[in-house]
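See below for the structure under consideration.
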Amino acid sequence: MDDHESVKEEVNPAVMLKNQSAEKGANRGSWTDEEDRKLAEAIEIYGPKRWKTIASKAGLKRCGKSCRLRWMNYLRPNIKRGNISDQEEDLIVRLHKLLGNRWSLIAGRLPGRTDNEIKNYWNSHLSKKVHQKEKQSKGTAEMGCSRIRKKRKAMMNEVKADRTREGNSSSGGAPGDSKLSFDVDDFFDFSNEDPMTLEWISKFTEMDDG
DNA sequence: AAAGAGTCCAACCGCGACCAG
DNA sequence: CCTGGTCGCGGTTGGACTCTT
Numbered sequence: 001m002d003d004h005e006s007v008k009e010e011v012n013p014a015v016m017l018k019n020q021s022a023e024k025g026a027n028r029g030s031w032t033d034e035e036d037r038k039l040a041e042a043i044e045i046y047g048p049k050r051w052k053t054i055a056s057k058a059g060l061k062r063c064g065k066s067c068r069l070r071w072m073n074y075l076r077p078n079i080k081r082g083n084i085s086d087q088e089e090d091l092i093v094r095l096h097k098l099l100g101n102r103w104s105l106i107a108g109r110l111p112g113r114t115d116n117e118i119k120n121y122w123n124s125h126l127s128k129k130v131h132q133k134e135k136q137s138k139g140t141a142e143m144g145c146s147r148i149r150k151k152r153k154a155m156m157n158e159v160k161a162d163r164t165r166e167g168n169s170s171s172g173g174a175p176g177d178s179k180l181s182f183d184v185d186d187f188f189d190f191s192n193e194d195p196m197t198l199e200w201i202s203k204f205t206e207m208d209d210g
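At position 82 of the first sequence (counting the first as 1) the number is 82 in UniProt numbering, and the numbers step up by one without a gap.
Structure below.
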């Protein structure tokens, strides 16, 4: 397994600087093609689970976590990279309004996109955009749409109940993470909706501006 | 052309949740 | 029920790249 290590040194010297402070024996920093290949092969055999096993079986001096991240954000099949469309961007903004920084949930609604990519995209593009927009369009919210109200109310009640149930047990964790009794997947499942009915999301989120 | 500033994005870290023993 | 191992998530970092002066 010395192969990829030497490759790494050649390929990315900057990484080695980082590695100097890293724990002994573990590779860190950017992944090489060789490492990617080994990881992909191991996942083909063992499946995208048991990351620690995969890391060792693949002969990678990486932790399981790192392998998982690499797979999820880069090597996974059907992954879309870059070129986030206006439609996708719009959806991200709306979902962020509803969900906050729940990047994995948001990513789940955007096929082929990763939470990391969306998070990065938000931090570098959208957060500024949205802030500007918010300043511009203050006080233009309007009410309407009973479906929105129903869903919103149901959601808020659940969140509220969930929080009191939990008390103040956790300090830093995502609030009510995946514990909502309504099915988030169902809630945001737009697959059976025609584009026109997606309007309700739009109205839903607009209500928050008021 | 060079230097500095700003932006992007891959990867790491820490924490909480989950699960098997 | 408790404990240790593992996984998944969100926040953060820092090197690479691009733009501006």
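Just so it is clear, CB atoms sit at the ideal spot from N, CA and C, and this is done for glycine as well.
Please read all numbers here as calculations on a predicted model, not as lab measurements.
{"Asked": "First through last residue of the alpha helix (DSSP H) which encompasses His96", "Found": "Asp86 to Leu99"}
{"Asked": "Best match in Glu44, Glu41, Met72 and Trp51 for proximity to Thr114 [C-alpha to C-alpha]", "Found": "Met72"}
{"Asked": "Buried or exposed (CB count within 10 angstroms, at least 16 for buried), Ser66", "Found": "buried"}
{"Asked": "Expected contact under 8 Å - CB spacing of Leu75 and Leu39 to nearest Å", "Found": "6 Å"}
{"Asked": "Helix, strand or coil at Cys67 according to DSSP, with G and I counted as helix", "Found": "helix"}
{"Asked": "Check whether Ile79 and Gly47 have beta carbons under 8 Å apart", "Found": "no"}
{"Asked": "Proximal residues to Leu126 (C-beta, below 8 Å), its chain only, five neighbours per side dropped", "Found": "Glu89, Ile92, Val93 and His96"}
{"Asked": "Span of the alpha helix (DSSP H), counted from its first residue to its last, around Trp103", "Found": "Trp103 to Gly108"}
{"Asked": "Opening and closing residue of the alpha helix (DSSP H) in which Tyr46 lies", "Found": "Asp33 to Tyr46"}
{"Asked": "Exposure label - Lys18; buried when at least 16 CB within 10 Å", "Found": "Low local confidence applies: a pLDDT of 34 at Lys18 is under 50, so the model's placement there is unreliable, with the coordinate-based value given in what follows. When all chains shown are included, Lys18 counts as exposed."}
{"Asked": "Member of Lys61, Thr53 and Glu117 whose CA lies at the smallest distance from the CA of Ile84", "Found": "Glu117"}
{"Asked": "The alpha helix (DSSP H) enclosing Lys52, as first and last residue numbers", "Found": "Trp51 to Lys57"}
{"Asked": "Whether Glu35 touches Leu60 by CB criterion (8 Å)", "Found": "yes"}
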